[in-house]
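Below: the structure, in structure tokens.
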Amino acid sequence: MAPLSHYLAVSAILFVIGTAGVLFRRNAIIVFMCVELMLNAVNLTLIAFSQFLGDQTGQILVFFVMTVAAAEAAVGLAIVIALFRNRQTVDIAKVNILKW
Amino acid sequence: MSIFDILFYLFAAAIVLSAAFVSLSRNIVHAAFSLLFTFLGIAGVYVLLSADFIAVSQILIYVGGILVLIVFGVMLTNRVTNIDIRAAIRSRIPAFIICAGLLALLIAFITQAHWIRYDEEPWKKTPWGKNAVEQVTKPLQGSVREVIDQQGSQGTAAEIGKLLMSDYMLPFELLSIVLLVALIGAAMIARQEAVQKKRPLSPSLPTEVSQ
Amino acid sequence: MPPSSVPDLSSVARLVQAYSAYSLNGFVPEVILVGGFLIAILLDVFTRRAKSKSISIYFAIVVLAMAGIASAFQWQPFVAGQPWKPGHLIFPYSQTLFIPMVHESVLERGYAMAVVDNFSVFFKLLISVAGIFMLLMSLASQELRERSRRLGEYSSLIIGMCVGLYLMPASLDLTMMYISLELVSIAGYILAGFSRDTEHGAEAALKYIMFGALSSGLMIYGFSLFYGLTGTTNIIAIREVLALNPATHTGANFYILWIATILALVGMGYKISAVPFHFWTPDVYEGAPTPVTAFLSVASKAAGFGLLIRFLIFVFPEGTKTAAPVLDWQTALAIGSIVTMTFGNLAALLQTNVRRILAYSSIAHAGYMMAALVVGKADGTVAIMIYLATYLFMQIGVFYAVMLIANKIGSEEIDDYRGLMTRTPLVSSAMVIFLLSLTGIPLTAGFIGKFYLLAAVLTPDAATHSLPWLWLAVGVIVNSVISLYYYLRVAAAMFLKRPLRDMALERAGQTAPPLPAIQFGVPVSALLLALIVPILVLGVYFQPLVDFASGVVRFFNFDNIRY
Numbered sequence: 001m002a003p004l005s006h007y008l009a010v011s012a013i014l015f016v017i018g019t020a021g022v023l024f025r026r027n028a029i030i031v032f033m034c035v036e037l038m039l040n041a042v043n044l045t046l047i048a049f050s051q052f053l054g055d056q057t058g059q060i061l062v063f064f065v066m067t068v069a070a071a072e073a074a075v076g077l078a079i080v081i082a083l084f085r086n087r088q089t090v091d092i093a094k095v096n097i098l099k100w
Numbered sequence: 001m002s003i004f005d006i007l008f009y010l011f012a013a014a015i016v017l018s019a020a021f022v023s024l025s026r027n028i029v030h031a032a033f034s035l036l037f038t039f040l041g042i043a044g045v046y047v048l049l050s051a052d053f054i055a056v057s058q059i060l061i062y063v064g065g066i067l068v069l070i071v072f073g074v075m076l077t078n079r080v081t082n083i084d085i086r087a088a089i090r091s092r093i094p095a096f097i098i099c100a101g102l103l104a105l106l107i108a109f110i111t112q113a114h115w116i117r118y119d120e121e122p123w124k125k126t127p128w129g130k131n132a133v134e135q136v137t138k139p140l141q142g143s144v145r146e147v148i149d150q151q152g153s154q155g156t157a158a159e160i161g162k163l164l165m166s167d168y169m170l171p172f173e174l175l176s177i178v179l180l181v182a183l184i185g186a187a188m189i190a191r192q193e194a195v196q197k198k199r200p201l202s203p204s205l206p207t208e209v210s211q
Numbered sequence: 001m002p003p004s005s006v007p008d009l010s011s012v013a014r015l016v017q018a019y020s021a022y023s024l025n026g027f028v029p030e031v032i033l034v035g036g037f038l039i040a041i042l043l044d045v046f047t048r049r050a051k052s053k054s055i056s057i058y059f060a061i062v063v064l065a066m067a068g069i070a071s072a073f074q075w076q077p078f079v080a081g082q083p084w085k086p087g088h089l090i091f092p093y094s095q096t097l098f099i100p101m102v103h104e105s106v107l108e109r110g111y112a113m114a115v116v117d118n119f120s121v122f123f124k125l126l127i128s129v130a131g132i133f134m135l136l137m138s139l140a141s142q143e144l145r146e147r148s149r150r151l152g153e154y155s156s157l158i159i160g161m162c163v164g165l166y167l168m169p170a171s172l173d174l175t176m177m178y179i180s181l182e183l184v185s186i187a188g189y190i191l192a193g194f195s196r197d198t199e200h201g202a203e204a205a206l207k208y209i210m211f212g213a214l215s216s217g218l219m220i221y222g223f224s225l226f227y228g229l230t231g232t233t234n235i236i237a238i239r240e241v242l243a244l245n246p247a248t249h250t251g252a253n254f255y256i257l258w259i260a261t262i263l264a265l266v267g268m269g270y271k272i273s274a275v276p277f278h279f280w281t282p283d284v285y286e287g288a289p290t291p292v293t294a295f296l297s298v299a300s301k302a303a304g305f306g307l308l309i310r311f312l313i314f315v316f317p318e319g320t321k322t323a324a325p326v327l328d329w330q331t332a333l334a335i336g337s338i339v340t341m342t343f344g345n346l347a348a349l350l351q352t353n354v355r356r357i358l359a360y361s362s363i364a365h366a367g368y369m370m371a372a373l374v375v376g377k378a379d380g381t382v383a384i385m386i387y388l389a390t391y392l393f394m395q396i397g398v399f400y401a402v403m404l405i406a407n408k409i410g411s412e413e414i415d416d417y418r419g420l421m422t423r424t425p426l427v428s429s430a431m432v433i434f435l436l437s438l439t440g441i442p443l444t445a446g447f448i449g450k451f452y453l454l455a456a457v458l459t460p461d462a463a464t465h466s467l468p469w470l471w472l473a474v475g476v477i478v479n480s481v482i483s484l485y486y487y488l489r490v491a492a493a494m495f496l497k498r499p500l501r502d503m504a505l506e507r508a509g510q511t512a513p514p515l516p517a518i519q520f521g522v523p524v525s526a527l528l529l530a531l532i533v534p535i536l537v538l539g540v541y542f543q544p545l546v547d548f549a550s551g552v553v554r555f556f557n558f559d560n561i562r563y
């Protein structure tokens with residue numbers, strides 16, 4: 001069986017890819033996809049720990065993260081659609097009436 | 001190298017490549033389909049980690065729920081054809097440097113770190129470990145794979161169900177509130193308000209329903 | 001143990017205690033809120049006319065008041081000489097951590113999901129009061145009245161958000177922390193986008209959810225690293241493993257612990273809008289309906305601080321520094337605090353919109369409170385709680401005044417505030433009192449908050465008799481002086497400056513007829529007075545508040561936190 005560190009490395013790579021996407025992409029829907037990548041990386045880490053520790057707590061946490069991710073995605077996409085109705089764009093850089 | 005290891009590295013490659021494609025792709029529809037392969041690859045790794053229930057949930061929730069939702073989002077916001085659906089990346093080079101640095105740091109520490117294991121001495125020193133390790137975890141001696149080889153997989157669903165109904169009951173119930181709030185909120189934010197002013201298109205439909 | 005026919009009474013008592021922890025005892029306020037949440041949804045279905053929708057706001061006020069009263073009953077008075085009693089644990093572990101159900105350490109040490117102690121009761125009361133004021137404020141809001149068809153959803157979402165806010169400072173488990181924080185966040189995203197038909201509203205909600213999703217993703221990754229390091233998600237158990245097992249915090253693990261702590265603090269720093277995670281604050285404060293802004297800036301921030309205190313002081317307590325890893329989070333937090341308050345104040349200087357000024361000033365206030373958090377221990381915690389209690393009235397008050405003015409003149413620009421004193425003396429003088437209190441001028445509640453905060457930061461080190469955080473206190477004072485400038489700028493515009501229209505007319509050689517006076521109804525003025533009175537009273541008679549806050553902290557037993 002592959003060692004724990006390999007599982008963690010895969011999830012770290014996935015996490016950084018997701019974070020990079022959230023930080024540097026402009027399309028709101030792609031940003032939400034990248035958030036899902038981040039949460040999947042978290043889940044992978046938790047499952048790996050949980051199995052190598054022989055403790056089921058990690059799996060419960062994964063279950064919760066999944067549900068929260070679904071709720072967040074639903075609300076996020078609803079907001080994107082509401083914004084699209086007003087502005088006809090999903091580009092974050094064009095969403096700039098409110099400055100920094 | 002067993003067949004399981006080869007499968008793991010195959011899945012890992014699929015996950016990383018398709019995730020990178022999601023993050024870099026210029027076409028949002030391609031990104032959404034690439035996300036499908038990431039989700040499936042992760043489900044495969046869960047199976048290899050003998051987390052059967054979570055693997056099934058992964059496919060049901062992520063692929064069946066979230067991905068479908070995202071595809072709907074793509075479709076609804078691309079209704080107007082004159083909008084360019086190509087999404088540019090803001091600043092390539094600094095983004096790449098920051099992420100590479102972060103990744104190197106994380107991997108360096110994560111691979112060297114000592115993660116706690118059930119059978120190690122300091123773990124037994126903890127208040128719950130003292131009397132518990134030998135009593136409760138006797139059937140759990142050895143790595144997960146060894147345990148499964150010895151007694152066959154029991155599946156994790158029963159264990160997760162027990163935990164959800166006992167220790168994790170409070171977060172579990174709270175989660176239902178989270179979902180209800182998200183449901184009401186998403187409906188409130190996304191529904192068309194214009195109906196309020198116009199008459200409903202079909203006279204048989206009352207206003208409330210056509211919202 | 002000799003066999004005996006007499007049952008062991010202590011074990012029976014323990015069993016009863018353990019089972020009562022699973023009952024709804026100690027969970028009454030949350031049950032009231034959840035029930036109210038469900039009824040509010042039904043109520044929305046049955047009230048069809050837009051005019052009768054505001055009944056749901058009255059209903060929400062009743063629910064929050066009941067929940068607040070129920071949580072006041074959970075207060076455990078401190079009796080001198082009696083042994084320290086832990087809070088009432090909710091949902092202790094039975095299955096995980098390999099502990100048998102009635103293992104004594106479960107109840108003694110706090111291996112539970114959540115706890116009802118005076119600390120959480122304090123925050124519950126604070127949140128209820130903030131929620132009631134916010135709902136009363138909503139009744140007067142023009143912005144909400146224009147969207148009265150959605151008021152049913154609005155008030156039910158606020159009740160739902162309060163469930164999360166109640167549980168955030170009560171959580172003892174990373175799972176619980178994550179979910180209650182997410183409940184607050186998700187309800188917050190929706191409420192921020194309530195006026196989504198305006199461009200500002202939807203945009204504010206989008207920015208809020210993007211930064212929120214990012215920071216909660218980072219936070220849960222940090223939590224997963226904690227789980228990998230210690231094998232548990234309970235914050236007290238995490239501390240014990242860290243203390244007992246040097247392998248978890250030496251070598252590479254030390255850096256992992258740092259990364260995990262910083263990532264966990266990202267999510268909490270986002271809730272209190274500390275500086276690197278503040279990007280959403282100005283936009284959301286400007287784009288959300290004003291009552292929601294006031295609520296987010298008070299209740300959400302208070303609960304965030306409750307969570308932060310619980311997390312930092314329980315995982316890395318001062319008292320066990322010898323055994324626990326010497327993770328120097330205090331210096332890191334002190335730097336974060338200075339950066340937060342300085343950035344907030346300097347950015348506020350550049351703004352012309354009053355709501356954005358207040359948004360940046362709320363970032364600065366988060367910085368002040370972080371300074372007290374650096375000190376940790378009893379003094380710092382008491383100072384934060386006093387600060388939050390005074391901050392509640394002045395922050396809600398100032399947003400209420402801004403909302404009342406915006407209802408009438410339709411603007412939040414500082415130039416449009418010129419000459420308001422002659423037009424509406426009551427609201428203008430109230431606004432000035434709130435602004436002076438936010439600055440921390442003596443005889444206002446804000447001064448008491450700042451005073452206790454500085455006293456906590458300037459506590460001499462017991463061993464060396466030096467002042468370790470002198471530079472932090474200097475930073476707080478300098479920043480308060482900077483903040484005086486922009487607060488007084490708003491006040492001066494209202495009191496001293498003449499309206500731009502009059503000046504233009506005068507230059508053209510015409511005499512300007514005075515701008516019409518602005519009238520407000522009795523209930524509106526009464527609410528304004530209800531916010532001013534606590535500020536003035538707490539400014540001179542603050543002892544009860546201080547006693548109350550120190551009564552909370554006495555239960556913490558900082559030398560040896562064991563629940």
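Protein chains in written order, with our numbering: chain A, 1 to 100; chain B, 1 to 211; chain C, 1 to 563.
No residue lacks a Cβ here, since even glycine has one placed at the ideal position from N, Cα and C.
The structure presented is a predicted model; accordingly, all values stated were derived computationally and were not measured.
Top-ranked residue by Cα proximity to Ile69(C), from Leu43(C), Leu125(C) and Tyr227(C)
Leu125(C)
Can you confirm whether Gly251(C), when its beta carbon is compared against all beta carbons of chain A, has any partner nearer than 9 Å?
no
DSSP beta-bridge partners for Asp173(C)?
Asn234(C)
Put Ala114(C) into one of helix, strand or coil per three-state DSSP.
strand
To which residues of the same chain is Val339(C) closer than 6 Å at the C-beta, ignoring the five residues directly before and after it?
Val275
Compare the beta carbon distance of Ile106(A) and Gly193(C) with 9 Å and say whether it is the shorter of the two.
Because residue 106(A) is not part of the residues shown, which for chain A are 1 to 100, the question remains open.
Is the beta carbon of Met134(C) closer than 9 Å to that of Leu181(C)?
no
Who are Asn353(C)'s beta bridge partners in DSSP?
Glu413(C)
Looking at C-alpha atoms only, which residue of Val129(C), Ala140(C), Ser195(C) and Asp117(C) is the closest neighbour of Ile159(C)?
Val129(C)
Assign Asn27(B) to one of three DSSP states: helix, strand, or coil.
strand
What do you get for Ser2(B), buried or exposed, if any count of 16 or more other CB atoms within 10 angstroms of its CB means buried?
exposed
Could you please tell me which residues of the region 205-227 of chain C, in chain order, have their CB closer than 7 Å to any CB of chain A?
Ala205, Leu206, Ile209, Met210, Ala213, Leu214, Gly217, Ile220, Tyr221, Ser224 and Tyr227
Around the Cβ of Gly410(C), are there at least 16 other Cβ atoms within 10 angstroms (buried) or fewer (exposed)?
exposed
Using DSSP with H/G/I as helix, E/B as strand and the rest coil, what is Phe548(C)?
helix
Just checking: is the beta-carbon of Val6(C) within a distance shorter than 9 Å of some beta-carbon in chain A?
Residue placement at Val6(C) cannot be trusted, given a pLDDT of 47 that sits under 50; the coordinates are not used to answer.
What residues from the region 230-241 of chain C come within 8 Å of chain A, judged by C-beta to C-beta, listed N to C?
Gly231, Thr232 and Thr233
At a CB distance below 7 Å, what residues from the region 168-180 of chain B approach chain A? Give them in sequence order.
Tyr168, Pro171, Leu175, Val178 and Leu179
For Met370(C), count neighbouring Cβ atoms within 10 angstroms of its own Cβ and tell me buried if that reaches 16, exposed if not.
buried
Contacts around Val552(C), its chain only, beta-carbon distance under 7 Å, and the 5 residues preceding and following it disregarded:
Asn118, Phe119, Phe122 and Met385
Helix, strand or coil: which one does DSSP assign to Gly193(C)?
coil
Please report the Cβ distance between Ile518(C) and Thr424(C), rounded to the nearest whole angstrom; I am assuming they are in contact, meaning their Cβ atoms lie under 8 Å.
4 Å
Check for me: the alpha helix (DSSP H) holding Pro534(C) runs from which residue to which?
Val522 to Val540
Cβ-based neighbour list, Ala473(C), same chain, cut-off 6 Å, excluding 5 preceding and 5 following:
Leu454, Val457 and Leu458
For a contact meaning CB atoms closer than 8 Å, what does Ala28(A) contact in chain C?
Leu206 and Met210
Can you pull the chain B neighbours of Met33(A), defined as C-beta to C-beta under 8 Å?
Val22, Ala31, Ala32, Leu35 and Ile70
Looking at C-beta atoms only, is the number of pairs between the region 531-548 of chain C and the region 467-485 of chain C that lie closer than 8 Å three or more?
no
Mind the definition here: the region 432-447 of chain C touches the region 335-351 of chain C only if three or more C-beta pairs lie below 8 Å; say whether that holds.
no
For Asn345(C), three-class secondary structure by DSSP:
helix
So with CB distances below 9 Å, who are the chain A contacts of Val16(B)?
Val10, Ile13, Leu14 and Ile17
What does the Cβ neighbour count give for Ser138(C), buried or exposed, with the cut at 16 atoms within 10 Å?
buried
Reduced DSSP secondary structure (H/G/I, E/B, other) of Thr444(C):
coil
So for Trp75(C), helix, strand or coil by DSSP?
coil
Sufficient close CB pairs (3 or more, under 8 Å) joining the region 302-318 of chain C to the region 370-384 of chain C:
yes
Using a beta-carbon distance below 9 Å, is Gly380(C) in contact with chain B?
no
Helix, strand or coil for Asp55(A)? Go by DSSP, reduced to three states.
coil
Okay, do the region 295-303 of chain C and the region 167-187 of chain C touch, 3+ Cβ pairs below 8 Å being the bar?
yes
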